[in-house]
Amino acid sequence: MTGERTHTVNPEEIKKEILAKYPPKVARKRAKQITPVSSDEKDGLKVGANVRTVPGIITQRGCCYAGCKGVIMGPTRDIINLTHGPIGCGFYSWLTRRNQTRPPSDDADNYMTYCFSTDMQDQDIVFGGEKKLKAAIQEAYDIFKPKSISIFSTCPVGLIGDDVHAVAREMKEKLGINIFGFSCEGYKGVSQSAGHHIANNAIFTHVVGLDDTVMDAKFKINLLGEYNIGGDGFVIEELLNKCGIELVSTFSGNSTMDQFANCHTADLNAVMCHRSINYVADMLETKYGIPWIKVSFLGPTSTASSLRKIAAYFEDQELIDRVEAVIAEEMAPVEAKIKEVKPRCEGKTAMMFVGGSRAHHYQELFRDIGMTVLSAGYEFAHRDDYEGRHVIPDIKIDADSRNIEELEIEPDDTRYNPRKTEEEMKALEEKGYPFKAYDGMIPEMEKGSLIIDDISQHETETLIAMYKPDIFCAGIKEKYAVQKHGIPMKQLHSYDTGGPYASFEGAINFFDEIDRMLNANIWQYLEAPWQKNPELSAKYNWE
Ligand code: CFM
Ligand code: HCA
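So the sequence shown is numbered by my numbering: it starts at 422 and just counts up by one.
Structure, rendered in structure tokens:
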């Protein structure tokens with residue numbers, strides 16, 4: 422369903438043009454992260470990733486603190502997430518991601534609408550901030566009486582040596598609630614990816630396994646790597662429920678600490694954003710024997726095949742039949758919407774530079790309405806997110822980020838339900854369900870396109886000038902610069918004010934949104950009046 426190509430730019434030329442502006446040493450480094458897709462033969466293509474940004478380059482990446490506090494812990498409503506640091510860190514990681522939550526009742530704990538921070542000042546940097554941190558924990562406890570408090574370290578905390586873990590231990594003892602700290606100083610690692618690992622490891626260590634209550638449901642799964650941006654998690658859960666599948670927990674959209682505590686009782690883990698959470702899936706498999714499969718609910722084809730994979734795992738005919746009935750019912754309005762918008766979108770081109778998974782998950786949605794992706798890349802993904810998990814077996818998946826020794830894992834704890842063995846999983850895969858297979862971005866990219874990892878401002882502007890895309894998808898840092906080029910810009914992080922875009926229902930929303938943006942006539946008015954009529958500047962020049 423690919424649209425007609427409207428451009429003829431050679432990706433090798435664009436790469437050359439981009440690198441020409443850099444000093445030789447920088448050019449050599451950036452060259453490894455810019456990969457032209459020059460032919461249909463993509464085996465062996467590599468994209469350098471997960472390396473430090475060259476100082477001085479304007480990157481779009483976030484920091485370790487953002488990954489830990491904003492991304493992983495931000496969507497959990499029944500814990501007080503307290504930022505130990507200057508007020509800006511807490512403020513800018515406070516719901517800007519548009520992660521939504523739905524407490525079951527008005528009196529259920531929901532602290533997400535509050536922004537908690539120690540508001541560090543100069544004197545705290547000079548004399549130390551531990552006292553202030555203790556006082557903040559006490560104050561939050563006195564006002565809200567939460568069951569858990571977590572503390573997030575920002576850059577100055579590590580630099581001045583405040584010991585958030587000692588404070589957490591002391592206050593935990595004093596208040597008798599669960600309190601733990603994260604050493605997630607912004608400068609750690611090379612991007613927000615380090616923060617994902619730190620947050621997930623702590624949740625696994627301090628929370629998972631605390632509650633053995635087993636949900637009374639025939640098919641119960643955890644959804645990993647879904648953060649309920651713009652309500653995506655809500656529509657996915659509704660779809661699963663319609664099929665008869667229940668969620669024990671989601672990591673971490675619309676989540677609670679209670680759900681994390683008994684997630685080990687689920688039968689299966691379905692992994693959506695591989696980048697942020699694959700190692701949790703691995704740890705849950707190693708420790709509790711819960712197998713995991715890769716899914717995506719972005720795009721109708723992926724949604725349908727993910728439902729089928731889950732049903733195939735359970736090998737239950739009734740479930741398989743119900744899933745097929747739901748797919749048939751939900752697909753009809755999606756197909757009708759595609760038919761409606763495709764004539765207006767077909768042949769248009771898009772670019773997308775987003776985090777660590779959406780820059781490939783969203784490609785299907787554009788393809789479905791006949792559009793082509795000219796260039797794409799992640800901000801902070803690792804090589805397996807480009808090259809896939811089964812394609813290049815020599816990539817050891819995040820071995821560096823798994824901390825099995827520290828977690829004292831006892832393998833194969835299958836107390837809760839008989840789960841499938843590796844052999845049984847293999848037998849199912851032979852039937853046509855490649856459960857863990859994960860393609861990554863490269864197979865999505867067409868001949869003539871360009872992959873760029875950790876794109877910079879200069880590279881973005883060069884791409885726009887040379888490829889002239891019809892729409893550009895990225896985040897808030899790029900938004901206005903792109904719009905000033907007269908190109909519609911869709912935020913694929915926060916979805917601007919839109920969403921949900923997941924599941925069948927979300928796909929319909931997305932198609933409508935892209936149609937509206939591509940075909941709005943606002944862009945033709947972007948030129949200032951005096952650019953078209955130079956005499957105006959003389960007319961209004963009163964000096
Ligand atoms: Fe996963 Fe995400 Fe993403 Fe991500 Fe993010 Fe996000 Fe993202 Mo912004 S967890 S990697 S760290 S899908 S916050 S919900 S949109 S960069 S592509
Ligand atoms: C983050 C969060 C972010 C930022 C998005 C953006 C998000 O990385 O700290 O730059 O617009 O999705 O909110 O990725």
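Cβ atoms here follow ideal geometry from the backbone N, Cα and C, with glycine treated the same way. It should be emphasised that the depicted structure is a prediction, and the values quoted were computed from it without experimental measurement.
- Beyond the five residues adjoining it in sequence on each side, lysine 450 comes within less than 7 Å, by CB distance, of Val475 in the same chain, given in chain order.
- With a cutoff of 8 Å on beta-carbon distance, methionine 752 and alanine 725 are scored as near each other.
- The straight-line gap separating the alpha-carbon atoms of phenylalanine 672 and glutamate 745 is approximately 27 Å.
- Per DSSP, the unbroken alpha helix (DSSP H) holding leucine 580 starts and ends at 576 to 581.
- Not one heavy atom of the ligand HCA sits closer than 7 Å to the Cβ of alanine 858.
- Residue pairing by DSSP leaves cysteine 664 without any beta bridge partner.
- Taking 7 Å as the cut-off, the C-beta of valine 578 does not count as close to any heavy atom of the ligand HCA.
- Look at glycine 798: its beta carbon is at least 7 Å from all of the heavy atoms in the ligand HCA.
- Residue nearest to phenylalanine 573 within the set Ala557, Ile564, Leu786, Ser877 is Ala557 (criterion: CA-CA distance).
- Boundaries of the beta strand (DSSP E) around serine 870: 870 to 873.
- When beta bridges are read from the DSSP output, glutamine 738 appears opposite no residue.
- Taking 7 Å as the cut-off, one finds at least one heavy atom of the ligand HCA near enough to the beta carbon of threonine 517.
- Residue burial annotation: threonine 842 is exposed, with fewer than 16 other C-beta atoms found within 10 angstroms of its C-beta.
- Serine 514 and lysine 568 have their C-alpha atoms roughly 22 Å apart.
- Look at glutamine 878: its beta carbon is at least 7 Å from all of the heavy atoms in the ligand HCA.
- For the ligand HCA, a non-hydrogen atom lies closer than 7 Å to the CB of glycine 483.
- At a Cβ-Cβ threshold of 8 Å, valine 701 and phenylalanine 603 do not count as neighbours.
- Excluding its 5 nearest sequence neighbours in each direction, isoleucine 908 has C-beta neighbours in its own chain below 6 Å: Phe893, listed in chain order.
- Remark: the shortest separation between the CB of histidine 914 and any heavy atom of the ligand CFM falls under 7 Å.
- Here DSSP, grouped into helix, strand and coil, assigns leucine 719 to coil.
- The continuous alpha helix (DSSP H) containing lysine 847 extends over residues 843 to 851.
- For isoleucine 897, the shortest C-beta to heavy atom distance toward the ligand CFM is 7 Å or greater.
- Using a 10 angstroms sphere on the CB of proline 921, the tally of other CB atoms reaches 16 or more, which defines it as buried.
- Boundaries of the alpha helix (DSSP H) harbouring lysine 555: 551 to 565, taken from the DSSP string.
- Look at valine 492: its beta carbon is less than 7 Å from one of the heavy atoms in the ligand HCA.
- Taking the Cβ atoms as the reference, phenylalanine 681 lies roughly 5 Å from valine 628, within the contact range of under 8 Å.
- Set against 7 Å, the gap from the CB of glutamine 680 to the closest heavy atom of the ligand HCA is not smaller.
- Each residue's CA atom was taken as its position, placing aspartate 543 and glycine 861 some 45 Å apart.
- Here the alpha carbon of alanine 470 sits roughly 10 Å from the alpha carbon of valine 611.
- A contact between stretches requires three or more CB pairs, one per stretch, nearer than 8 Å, and the segment 477 to 484 fails this requirement with the segment 538 to 554.
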